[in-house]
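Enquirer: I'd like to ask some things about the structure below.
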Amino acid sequence: NRLESIGVNIVTLANNHSYDCYKQGFESTKNFLASSSIEYIGDSVLEKSFLIKEISGKKVAFIGMDETVQIVPLSKFYPLIRKLKTENDLVVVNIHWGKEYLLNNDSNQQAIAHRLINEGADVVFGHHPHVVQNMEVYKGKAIFYSLGNFVFDQNFGNTTVGLGVNVEFKEEETIFELFPFNMKLFAPDLMKGEEREKFCKRYIKDLEHKNCVFKI
650 NRLESIGVNI
660 VTLANNHSYD
670 CYKQGFESTK
680 NFLASSSIEY
690 IGDSVLEKSF
700 LIKEISGKKV
710 AFIGMDETVQ
720 IVPLSKFYPL
730 IRKLKTENDL
740 VVVNIHWGKE
750 YLLNNDSNQQ
760 AIAHRLINEG
770 ADVVFGHHPH
780 VVQNMEVYKG
790 KAIFYSLGNF
800 VFDQNFGNTT
810 VGLGVNVEFK
820 EEETIFELFP
830 FNMKLFAPDL
840 MKGEEREKFC
850 KRYIKDLEHK
860 NCVFKI
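Using our numbering, you'd call the opening residue of the sequence shown number 650 and step up by one each time.
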């Protein structure tokens with residue numbers, strides 16, 4: 650209910666902790682989400698790993714996948730993304746991947762990301778490293794290699810900084826706005842003013858931007 654109260658309406662279940670409490674825990678998580686009217690992606694079978702939503706007259710496919718334990722093998726997602734792109738206007742990928750605490754993506758993440766975009770992904774959001782990793786623009790599409798922690802019980806080093814991203818898809822361009830935050834008492838506290846600007850100047854240094862907003 651707390652997630653619902655702050656406007657969360659879709660979550661991904663695809664990560665290396667999904668089965669920490671075994672199948673019973675996984676199923677109960679889905680039941681709790683359903684009772685709160687929160688939809689999910691990244692289920693343990695390919696056919697239930699995605700959702701199709703109509704937003705502002707556009708059909709958007711949201712996909713959740715996990716590269717760390719691969720309950721659903723990554724190889725099965727590439728043809729799925731290709732198919733979804735032919736049937737929908739936009740494909741949004743959430744992927745659990747990468748090495749923990751690395752501040753930059755590794756070559757494996759990049760190879761996967763590039764293939765996801767080649768198959769039809771319009772934006773890629775990564776997570777798992779517990780820290781914010783760099784962003785890349787490939788073939789006019791943005792890859793956020795890791796958004797860092799959101800609500801998590803770590804309080805050391807770079808694990809205390811996270812990132813939210815707002816994306817607005819338009820006919821001629823895509824507009825991104827960054828919302829960096831600090832973790833305080835294991836929950837996000839949005840950066841403001843000069844602190845936010847410094848983060849954004851460092852993070853999107855290779856792109857023209859203003860007030861943490863950039864366009865592709």
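A virtual CB, placed ideally from N, CA and C, is assigned to each residue, including glycine.
Under a three-way DSSP split, which group does residue 812 fall into?
Expert: Indexing the sequence shown from 1 puts residue 812 at position 163. Of the three classes helix, strand and coil, the one that applies to residue 812 here is strand, per DSSP.
Enquirer: Tell me whether residue 674 sits in a helix, a strand or coil according to DSSP, three-state version.
Expert: Translated into positions along the sequence shown, residue 674 becomes position 25. Correct three-state label for residue 674: helix.
Enquirer: On the three-state DSSP scale, how would you describe residue 720?
Expert: Here the question's residue 720 lines up with position 71 in the sequence shown. Looking at residue 720 - three-state DSSP - the assignment turns out to be coil, as it is neither helix nor strand.
Enquirer: Within the chosen definition, does the segment 804-813 reach the segment 765-774 through at least 3 CB pairs nearer than 8 angstroms?
Expert: no
Enquirer: Under three-state DSSP, which class holds residue 710?
Expert: Counted from its first residue, the sequence shown places residue 710 at position 61. In this structure, residue 710 counts as strand in the three-state DSSP scheme.
Enquirer: Given that a residue counts as buried once 16 or more other Cβ atoms are within 10 Å of its Cβ, and exposed if not, what is residue 715?
Expert: Position 66 of the sequence shown, counted from the start, is the residue given in the question as residue 715. So residue 715 counts as buried.
Enquirer: Need the endpoints of the beta strand (DSSP E) that residue 703 sits in, please.
Expert: Working through the sequence shown from its first residue, we reach residue 703 at position 54. Residue 703 -> beta strand (DSSP E) spans 699-704.
Enquirer: Determine the direct distance from the alpha carbon of residue 855 to that of residue 753, and round the result to whole angstroms.
Expert: Residue numbering aside, residue 753 sits at position 104 when the sequence shown is read from its first letter. Residue numbering aside, residue 855 sits at position 206 when the sequence shown is read from its first letter. Looking at the two C-alpha atoms, the distance is approximately 15 angstroms.
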